[in-house]
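Participant: Numbering (my numbering), first residue to last: 344 to 634.
Pasting in a structure now, in structure tokens, and then I'll have a few things to ask.
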């Protein structure tokens, strides 16, 4: 079933809509060919549900009405077989109500599932991705990098002296700071990049198709924006980065995180407010220190 759902999601919405429309016409034709004794109207729910889930609610509404109409047209050709001419009219009215009820119920279920999934992948404090979301999206980007053999960069960031903010100003100010940093990071990256909060004051960025030169420019720009923000508020904090650019693509995301985390620890040991950058090539790792 999961493979079937994935297959349907690969199709374009116009193609799916046309396919569902054709299915409704086929079912209506079967109604005409088999006569009034056989009931196949439940099969209409198949194209209706596909349209509702994979396209939009209104596509499901259109399919619901089309389904009822196709069955009604078939019954009109068979009108002499009914005890009264109003029978097919009432039947199709009730059938339309059932189809529309199924459409709106499925649509609400879909929205509920998507909302719950989004909440499960979002850090409630900062509004950016959480640890779970990061690993999910990073795994996808890692597979893409392995397939196309494109470099990428990961940056692990930590707030220096963050505890002093909580101790001196209170946790409310600490939360304001974290939210502001999350927003600053989100605005500073590209649409293809991933930013997540994976710990108390730890953030991580995944920069797909990003070599050393581009990575340096992005991280320096982020570091400047963050420092400008905290200086404006006169907060006694700074930022340390562990940055790794991979041209030799690793096999799993844990290796990536561990390398970036190790560089972050080294940056903090060097006196904090440092950017420790390492480039992993096919043979060696070239290390650079900034600031």
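Note that the Cβ used here is the ideal one computed from N, Cα and C, for glycine as well.
On a predicted model such as this, the values are computed, not experimentally measured, just so you know.
(1) Does the beta-carbon of residue 626 have 16 or more other beta-carbons within 10 angstroms, so that it is buried, or is it exposed?
(2) In whole angstroms, what separates the C-alpha of residue 439 from that of residue 555?
(3) Alpha carbon to alpha carbon, what distance is there between residue 610 and residue 497?
(4) Could you tell me whether the Cβ atoms of residue 411 and residue 375 are closer together than 9 Å?
(5) What would DSSP say about residue 627, mapped onto helix, strand or coil?
(6) In whole angstroms, give me the CA-to-CA distance for residue 359 and residue 393.
(7) Per DSSP, what kind of secondary structure is residue 469 in: helix, strand or coil?
(8) Determine the extent of the alpha helix (DSSP H) in which residue 375 is found, giving its start and end residues.
(9) Assuming residue 583 is part of the beta strand (DSSP E), what are its boundary residues?
(10) Just list the beta strand (DSSP E) runs in the stretch 509 to 594, keeping only unbroken ones of 3 residues or longer that don't cross its boundaries, in chain order.
(11) Can you round the beta-carbon distance between residue 464 and residue 476 to whole angstroms, since I take them to be within the 8 Å contact cut?
(12) Am I right that residue 588 and residue 622 are in contact with their C-beta atoms under 8 Å? What's the rounded C-beta distance?
(13) Is the stretch 572 to 584 touching the stretch 493 to 509 in the sense that three or more CB pairs, one from each, lie closer than 8 Å?
(14) When the Cα of residue 573 is compared with those of 517, 606, 614, which residue comes out closest?
(15) Report yes if the C-beta distance between residue 453 and residue 401 is below 9 Å; otherwise report no.
(16) Out of 604, 377, 368, which one is the CA nearest neighbour of residue 387?
(17) What residue range is occupied by the uninterrupted beta strand (DSSP E) comprising residue 495?
(18) Could you tell me which residues DSSP puts in a beta bridge with residue 427?
(19) Can you tell me which of 433, 446, 550, 594 puts its alpha carbon nearest to the alpha carbon of residue 406?
(20) If you run the structure through DSSP and keep just helix, strand and coil, what is residue 599?
(21) What do you reckon, are the CB atoms on residue 596 and residue 491 nearer than 9 Å?
(22) Is residue 467 buried or exposed, if buried means 16 or more other CB atoms sit within 10 Å of its CB?
(23) According to DSSP, simplified to helix, strand and coil, what is residue 398?
Facilitator: Well, looking at it:
(1) For residue 626, the predicted structure reports a pLDDT of 44, less than 50, and the residue's modelled location is therefore unreliable. A value from the coordinates is still provided. That one is exposed.
(2) 60 Å
(3) 15 Å
(4) no
(5) Bear in mind that the predicted position of residue 627 carries a pLDDT of just 44, short of 50, making it unreliable; the figure below should be weighed with that in mind. In this structure, residue 627 counts as coil in the three-state DSSP scheme.
(6) 8 Å
(7) coil
(8) 356 to 377
(9) 581 to 589
(10) 537 to 540, 545 to 550, 581 to 589
(11) 4 Å
(12) 5 Å
(13) yes
(14) 517
(15) no
(16) 368
(17) 495 to 503
(18) Paired residues: none, contrary to the question.
(19) 446
(20) helix
(21) no
(22) exposed
(23) coil
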